[in-house]
Amino acid sequence: MIERVHEHIISELGTNSRTDTIFVLTGIILNLLVLGINSIIALNASDDRAIDATSITVMVVLVALLIVVNLIVELGLVRGRQTRVKLLNSLLKMYKDQGVAKYYDPTLLSDYRTRYNLFMFGVIFIGIVALIIPFVLLVT
């Protein structure tokens, strides 16, 4: 029975990793798309003529989408980190009960925390850049 529990925890850790990867990639890709689209709109407006209402509407909608998706990504990563800690703690308890805990370095938990923080910082930083640059281009 303990083997099945171990397999289940390992499987959940794999699912957790895949989900986190999807969150990070979604955040980064959307941020870069919004940066590109809004920058093109801003450059076209500054080169040709004053920006029209449609372009402003598109930019505002994309900014709103960017903010909502980034919030979802950040919340998803926070929950993913919490889930990973719970699963790894369960695994550590199991290893301790089985007398093999010495083969698992518990400092990996802090390494995972650092990795999650870096992912979250990266997504948010790219999102902030995607918000700021198009509007700087628009006013210059």
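This note's numbering puts the sequence shown at residues 1285 to 1424.
Glycine residues also receive a C-beta, built at the ideal position from the N, C-alpha and C atoms.
Treat the numbers as computed from the prediction; the structure is a model and nothing was measured.
One question on the structure: do residue i and residue j come within less than 8 Å of each other, judged by their Cβ atoms?
i, j, result
"Ile-1293", "Ser-1374", "yes"
"Leu-1297", "Arg-1397", "no"
"Val-1407", "Ile-1313", "no"
"Leu-1402", "Pro-1390", "no"
"Asn-1315", "Ile-1410", "yes"
"Leu-1350", "Val-1318", "yes"
"Leu-1421", "Ile-1335", "no"
"His-1290", "Met-1404", "no"
"Leu-1392", "Asn-1300", "no"
Can you have a look at residue i and say buried or exposed, based on whether 16 or more other CB atoms are within 10 angstroms of its CB?
i, result
"Ala-1326", "buried"
"Tyr-1387", "exposed"
"Arg-1288", "exposed"
"Phe-1307", "buried"
"Asn-1354", "buried"
"Ala-1337", "exposed"
"Gly-1383", "exposed"
"Arg-1399", "exposed"
"Asp-1304", "buried"
"Val-1357", "buried"
"Arg-1365", "buried"
Give the secondary structure of residue i by DSSP, where H, G and I count as helix, E and B as strand, and everything else as coil.
i, result
"Val-1384", "coil"
"Asp-1389", "coil"
"Thr-1424", "coil"
"Asp-1395", "helix"
Count Cβ pairs between the region 1336-1347 and the region 1314-1326 that sit closer than 8 Å; are there 3 or more? Counting C-beta pairs with one atom in each stretch, the region 1336-1347 and the region 1314-1326 have three or more that are closer than 8 Å, which means they touch.
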